[in-house]
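*Asks:*
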């Protein structure tokens, strides 16, 4: 088939993703992976469980086995990040506002504010800080899982408004990201941010609000793919169970107001076995009925476990689930989630250590999310950000790269709606939704900026150091080895020898045929690193090479 | 002759009144009257095609001295072209061409070829990489510049590119490189002014038109999706494709000649109506350290094939342009990063050298040979090089002034200093000038410009963090004029240049994800 018809065939297949694909016919299950443990496997594991595979992390995990590497990723030892800091001023803040008591560079999360501008500045501080946490992530799956839960329990900081709620909600996600699903759902149900975002605080016996009750079932636990399913009446009834919860902004906490609670009995549909939750009164009624409601929902354990596992699978592996994968991967993982009493870690362990995860068909098939693209690029090229000595400058740079994510349609803290980002649920496009005529050029603009001009603020510049990057490889003086090493690190689909040779010739050798021209240029630089001419010769060529590879469509895959 | 004298003598010629339809008009001073008379439209825009001969071309076997043939033959007996086989040039018995350059011979005889002897620069560099960078940036031998000369010129014409482009005035890329990597020549002070394409119908990043097939796996499926979007969204792909599709018939080009393939694309895009000013094409293989010629017949072999490919490609390109009716719009030049040694080596080849001749071709060239044949010593040693008669930057400056009709301020901003003007373009070429229409929104500017001590810098920000830097031509930051958050709007800053030396500086505006660069000139 010539290229044109091949590409056309590809276009057709994109439109047909809902039908069974001939391309994905899996034959691997959850047996522990016992195959080779080389750079290639390490990079695959790291690109999926962290943001990008940094050279240091690759080297580190290469010395472990597949199983030990996953154990380490799943058991973070680094302390939780310190909270976001005040990086804004109080120029328009009313003099009575408590925010004045927070000094610059101190955290604002313990201090109430009534001022809208301060709230807005705090939300920006929070988003910048979060980007910083991801950029500085430890060797664990924690940040990928925190973002997973943010996508799962999607809330929008701008809608919530109160920045302390936003941070508290976020901390809940991170603290529980490798914990118990049911515990997390319970905490979410009375979380001040969630009570604000899905109107739980407005849900009273006289005016029930169904918003949270619906999403609790449709998006957070059961999913809507499992028909037959809960009924509309179940949504209304669950809303009555959840009446009475309110927020106290001063205390930064929710509380139960028994006077607002619906004390009548709640009768559910046959889907839930016509279960009745007895109406209760008093201060403990809210907690008691909530527990009963969640016990009832989680009693639909097959549906809930399959739904949660499917979400995890689409986050870490691929979106298309063929019959074999359903039977041999999804269902056994769902059983594991149930038998482990809703602990998520054993499920991740089983999946990430499996033959299925390392199956060749599951490699390189994710289109990087914008955050993966941005944080991954900065980490893989070891872009140096300003250090903590000047938090204000640090936050400016973190916010700069965060804004690129927003331009590419992934604004952390503010997903498009309660369903999260479409790339993880929208048939038939899934990951492909990230890439369109608006976002694709922006991805290239971002990588071009980081490769060529960098970004400068307060005299601090973030930019890729191409020479330092080349030095992380074993033999940068040999253009063949260097191109192969760089391509293997940057791209999950191998570049053919023909293309590697052409890139070597066109870029590293400036059109010449003899490898020693590059070797001599590299050696000349190493021999005298202060020589600006020698430096510039290798720097320019490395920059062209890396920029070129980052502009390849292949670079968008992980 | 001193450069100053030379310029003062040649400048009047460039602004001599010329007679068009009985009216006396001054070239170089575009007026509504002139525009109306010349019926200026997009098709009068001038195009420059640069042919890079990669590897260091052996100029001495390309343009061969007939008047001191014995010395030539003596210095390189194992590769010398036999005297009888040298192609003769009409009206010139001192200089000839390599025997496989019959195409260029006929162009010369038709008055469409200019040969400039011994082009180089002081203190030549013998490294491919460094010498290539020098030619592309138009720097001194020991000066490092971060932008290309054509990129600087195009940046003057199309300020702020690519921000605000394509637009109504300029809907096409300012420069096009046929190939996979955009050359340093086309790098402007802020952004590359060029776009690389490998064919007239395929526009996104491909190495020499090659691309690994997408595998029949999930990864292949996702890759195909990204590639599809990448193809659809490549900037200017629509206009380039539309231009190419307007041209359904072209002249005959030789087969198996990569340079001809590239020039064919250029002819198609020029005829198709692109306003692109500069095209770059390349041909490699000139690094002929060994087996430059066939030992049995020095008129054949590797270098002979290269000479034939260059000559055939240019001739068929010129014929095609003529057939398409656009030959008057196009001027071409060849260049190579250096010439080769006078004396051949024992591997039947030549090592890295210094100055070499180059060609300028087109119906608007001043035909002939500029300069004299190089001096060849009687006992040429392995270290003997051809010294330059003309600085390569004089060619650029001449093309800018007489082909792109650049004014003195532009010339200064692009070339960074004064260079000798050479008589390579017909004096009438700039009577058809289409004045540069500035396109794109100017977000940063300064007044006065040029300035002596200080100047006011005005910039427009969309709000948020805004950085204004002054950089020198080496790309070093001289000072940050501001580096803080702003509300949206226009602001003016004062720049005091203090003890900084006179010359070109760049203002760089960075506002969140957007950046623009503008040149300014400090004079004494």
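Chains as they are written, first to last, in my numbering: chain S, 28 to 585; chain R, 7 to 530. Ideal Cβ placement from N, Cα and C applies to all residues, glycine included.
1) Measuring alpha carbon to alpha carbon, tell me which of R:427, R:351, R:381, R:529 ends up nearest residue 100 of chain R.
2) Taking only runs that begin and end inside the region 339-410 of chain S, name each unbroken alpha helix (DSSP H) of 4 or more residues, in chain order.
3) Work out the CA separation of residue 72 of chain R and residue 90 of chain R for me, nearest whole Å.
4) What whole-angstrom Cβ distance do residue 137 of chain R and residue 344 of chain R have, given they're in contact under 8 angstroms?
5) Since residue 2 of chain R meets chain S, which of its residues come closer than 7 angstroms, beta carbon to beta carbon?
6) If we ignore side chains and look at the alpha-carbon of each, how far apart do residue 478 of chain R and residue 164 of chain S end up?
7) Can you check whether the CB of residue 297 of chain R is closer than 9 angstroms to the CB of residue 464 of chain S?
8) Out of curiosity, what's the CA-to-CA distance linking residue 154 of chain S and residue 61 of chain S?
9) Compare the beta carbon distance of residue 310 of chain R and residue 65 of chain R with 9 angstroms and say whether it is the shorter of the two.
10) Would a check of beta-carbon distances place residue 548 of chain S closer than 9 angstroms to chain R?
11) Starting from the Cα of residue 616 of chain R, find the closest Cα among R:338, R:389, R:337 and give me that residue.
12) Less than 7 angstroms between C-beta atoms, sequence neighbours within five positions excluded: which residues of the same chain meet that for residue 177 of chain S?
13) List the residues that DSSP assigns as beta-bridge partners of residue 272 of chain S.
14) Hey, which unbroken runs of the alpha helix (DSSP H) at 4 residues or more fall wholly within the region 88-162 of chain R?
15) Which ranges would you report for the alpha helix (DSSP H) in the region 167-192 of chain S if only whole runs of at least 4 residues count?
16) Considering only the alpha carbon of each residue, which of S:162, S:223, S:220, S:216 lies closest to residue 240 of chain S?
17) Scan the region 218-252 of chain R for residues whose Cβ lies nearer than 9 angstroms to a Cβ of chain S and list them as they occur along the chain.
18) In this structure, does DSSP put residue 514 of chain R in helix, strand or coil?
19) Taking the straight line between their C-alpha atoms, what separation do you get for residue 230 of chain S and residue 218 of chain S?
20) Is residue 534 of chain S helix, strand or coil by DSSP?
21) Going by alpha carbons, who is nearest to residue 5 of chain R out of R:527, R:60, R:88, R:520?
22) Are any of the Cβ atoms in chain S nearer than 9 angstroms to that of residue 86 of chain R?
23) Taking C-alpha atoms, which residue in R:308, R:514, R:171, R:509 lies nearest to residue 450 of chain R?
24) Using the Cβ count rule (16 or more neighbours within 10 Å means buried), how would you classify residue 116 of chain R?
25) For residue 416 of chain S, return the contacting residues in chain R, with the cut-off set at a CB-CB distance below 7 angstroms.
26) For residue 57 of chain S, which option in S:571, S:183, S:193, S:353 has the closest C-alpha, if you only look at C-alpha atoms?
27) Between the Cα of residue 269 of chain S and those of S:312, S:502, S:485, spot the shortest distance and give me the residue it belongs to.
28) If you run the structure through DSSP and keep just helix, strand and coil, what is residue 468 of chain S?
29) I'd like the ranges of any alpha helix (DSSP H) spanning at least 4 consecutive residues and lying wholly in the region 496-530 of chain S.
30) Output the distance between the C-alpha atoms of residue 482 of chain R and residue 574 of chain S, rounded to the nearest integer angstrom.
31) Please determine if the region 414-426 of chain S and the region 99-106 of chain S are in contact, where contact requires at least 3 C-beta pairs separated by less than 8 angstroms.
32) On the DSSP bridge list, what partners appear for residue 490 of chain R?
33) Got a sec: is the Cβ-Cβ distance from residue 389 of chain S to anything in chain R below 9 angstroms?
34) For a cutoff of 9 angstroms on Cβ pairs, would you count residue 18 of chain S as touching chain R?
35) For a contact defined as C-beta to C-beta under 9 angstroms, what are the partners of residue 118 of chain S on chain R?
36) Nearest chain R C-beta to residue 459 of chain S closer than 9 angstroms, yes or no?
*Replies:* Let's see:
1) R:381
2) 358-366, 372-379, 382-385, 397-407
3) 10 angstroms
4) 5 angstroms
5) Missing from the structure shown is residue 2 of chain R; chain R here goes from 7 to 530 and no further.
6) 38 angstroms
7) no
8) 40 angstroms
9) no
10) yes
11) Shown here, chain R extends from 7 to 530; a query on residue 616 of chain R therefore has no answer.
12) 200
13) S:283
14) 108-115, 134-143
15) 169-179, 184-187
16) S:216
17) 218, 219, 220, 221, 222, 223, 224, 225, 226, 227, 228, 229, 230, 231, 232, 233, 234, 235, 236, 237, 238, 239, 240, 241
18) strand
19) 14 angstroms
20) helix
21) Nothing can be reported for residue 5 of chain R, as the shown portion of chain R is limited to 7 through 530.
22) no
23) R:514
24) exposed
25) Here the premise fails: no neighbours, minimum Cβ distance about 17 angstroms.
26) S:353
27) S:312
28) helix
29) 506-517, 524-530
30) 21 angstroms
31) no
32) R:472
33) yes
34) The question about residue 18 of chain S has no answer, for chain S in this structure spans 28 to 585.
35) Correct list: empty, because the minimum Cβ distance to chain R is about 11 angstroms.
36) yes
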